[in-house]
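Worksheet: the structure to be examined is printed underneath.
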Amino acid sequence: MTTSLWRHHDFLRLWGAQTVSEFGSQITMLALPLTAVLVLDATAFEVAALATAQYLPYVLFSPLAGVWVDRRNRRGVLLQADIWRGVALVTVPAAYALDALTLSQLYAVGFVHGTLTLAFGIAHQGFLPSMLRREHLLEANTRSEVAQTTAQLSGPAAAGGMVAVLSAPVAILADALSFVLSWLLIRKIRYREPPRETATHARPPSVRRELREGAVYVLTNQYLRALMAATALINFSINVIVSILVVFAVRELGLSAGEIGLVFSLGQAGGLLAAAVYSRARRVVGVGKLLLLAAALLGPTTLILALAPRAHAFAFLLAGWATGSFARVIYNVSATSIRQAIVPTPLQGRASGFMRWVSFGTLPLGSLTGGAVAAAFGLREAMIVGAALSFLVVVPCLAPPVRALHDLPASDEA
1 MTTSLWRHHD FLRLWGAQTV SEFGSQITML ALPLTAVLVL DATAFEVAAL
51 ATAQYLPYVL FSPLAGVWVD RRNRRGVLLQ ADIWRGVALV TVPAAYALDA
101 LTLSQLYAVG FVHGTLTLAF GIAHQGFLPS MLRREHLLEA NTRSEVAQTT
151 AQLSGPAAAG GMVAVLSAPV AILADALSFV LSWLLIRKIR YREPPRETAT
201 HARPPSVRRE LREGAVYVLT NQYLRALMAA TALINFSINV IVSILVVFAV
251 RELGLSAGEI GLVFSLGQAG GLLAAAVYSR ARRVVGVGKL LLLAAALLGP
301 TTLILALAPR AHAFAFLLAG WATGSFARVI YNVSATSIRQ AIVPTPLQGR
351 ASGFMRWVSF GTLPLGSLTG GAVAAAFGLR EAMIVGAALS FLVVVPCLAP
401 PVRALHDLPA SDEA
């Protein structure tokens, strides 16, 4: 199995594109809020609003994006999303150079970038299982998590250094260039999806009907319902914390940009460890119990972040981020593989779009909640609220069908 994927040139190109763009995105994840804080003197609520702008497209467009992607060539969607994300990000250093940068522009860039990232993610989630055989999904998703974790390991440290030397807005230029490299790699992929089967439908295409098909399919599937609920809780609770974490680290704990970047980077070692042990752990305890374990770990890991004392801030944030990274990789590989294994290829976009609408739609709600609680009661209090909510993630994963899974469930492919 391993040898076949290493020799699968199209998968390696897609994997390489993901790694490059993830590296760049990690720079923006730190540099964009630091631009707001250091250049525009944004408040905690304004920084949280910036995170909200990036995730708002998941609330507004996810189901429609799923229908749109299912009707189109997914490789083409990946290419278009890459190039336009790069264009959007270039406007930040350009405006900074002209002394014309505003918070309104950062909100607009965040919104456009979030919209294109949504389209890319849905297309990627459908393109991968179309290109690979079902038995390769767990391995492919593990490698995707390795790529993401490796980028998270090196990206924030690079971002901290670039922000210190070049300034936060100029550091964002590196992310724009990463999308160009990703575009070049995806363009070299030779695999072409089979044509969509539209001739079998007596009725003409209907957006409303296709939206309903995706929603009904997810809501009537016992596995997908549980995964959607758990992911929604993860995204809401974690984003309460992440939306204010940079401000919390700077103003409450007194960390520098370089130290924050180092925490984010070194903390991803937990994710690499999770990817390294995943295959063996899955064979021993099964996919369902691994998912449950990861969900149970999220509460304690976020509490470590929230309770970090100023005197030992770096150690606490590093411990919390590392253990959280371990849990997130285990959860993501398991949940993504289960969904890809079950959902028929023609429904991948609609099912993914509906699930993202519900589960990712909680991201802006989490950001707004984090900002509002921080403004009303304080940064640490908002961190503690987010940590308390993350203890609830385990509840949907206790569903008997999910925790009883040992191998991936059978596909519903007709």
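Quick note on my numbering: the sequence shown kicks off at 1 and runs consecutively.
By construction, the Cβ of each residue, glycine as well, lies at the ideal position given by its N, Cα and C atoms.
When the distance is taken between beta carbons, is residue 230 closer than 9 angstroms to residue 409?
no
Would you identify the three-state DSSP class for residue 219, choosing helix, strand or coil?
helix
If you draw a straight line from the alpha carbon of residue 382 to that of residue 344, how long is it in whole angstroms?
41 angstroms
Output needed for residue 119: all residues of its chain with C-beta closer than 7 angstroms, excluding positions within five of it in sequence on either side, in chain order.
Taken in chain order, the residues that qualify are 65, 69, 77 and 81.
Tell me which same chain residues have a C-beta within less than 8 angstroms of the C-beta of residue 50, skipping the five on either side of it?
Once the five neighbours on either side are set aside, the close Cβ partners of residue 50 are 32, 33, 36, 42, 103, 106, 107 and 110.
Evaluate residue 352 with the Cβ neighbour count: other Cβ atoms within 10 Å of its Cβ, from every protein chain shown; 16 or more gives buried, anything less gives exposed.
buried
Own chain partners of residue 127 with C-beta closer than 8 angstroms, once the 5 adjacent residues on each side are dropped
14, 74, 75, 78 and 193
Coil, strand or helix - residue 145 by DSSP:
helix
Within 10 angstroms of its Cβ, does residue 216 collect 16 or more other Cβ (buried), or is it exposed?
exposed
Hey, residue 155 and residue 27 are a contact pair by Cβ (cut 8 angstroms); roughly how many whole angstroms apart?
5 angstroms
Is residue 113 buried or exposed, if buried means 16 or more other CB atoms sit within 10 Å of its CB?
buried
For residue 53, which residues of its own chain have a beta-carbon under 6 angstroms away from its beta-carbon, when the five flanking residues on both sides are left out?
107, 110 and 111
Residue 268: buried (16+ other C-beta within 10 angstroms of its C-beta) or exposed?
buried
Where does residue 17 land, buried or exposed, given buried means 16+ other C-beta within 10 angstroms?
buried
Based on Cα-Cα distance, which residue from 238, 330 and 157 lies nearest to residue 272?
Of all alpha-carbon atoms in 238, 330 and 157, the one lying nearest the alpha-carbon of residue 272 is that of 330.
May I ask which residues mark the beginning and end of the alpha helix (DSSP H) holding residue 416?
Missing from the structure shown is residue 416; the chain here goes from 1 to 414 and no further.
Residue 188 by DSSP, collapsed to three states: which one?
coil
Thinking C-beta only, is residue 357 closer than 9 angstroms to residue 59?
yes
DSSP three-state assignment for residue 399, whether helix, strand or coil:
coil
Helix, strand or coil at residue 42 [DSSP, three-state]
coil
Completely contained alpha helix (DSSP H) runs for the stretch 300-344, where each covers 4 or more residues
313-342
Express the C-alpha separation of residue 212 and residue 308 in angstroms, rounding to a whole number.
Each residue's Cα considered, the two are about 45 angstroms apart.
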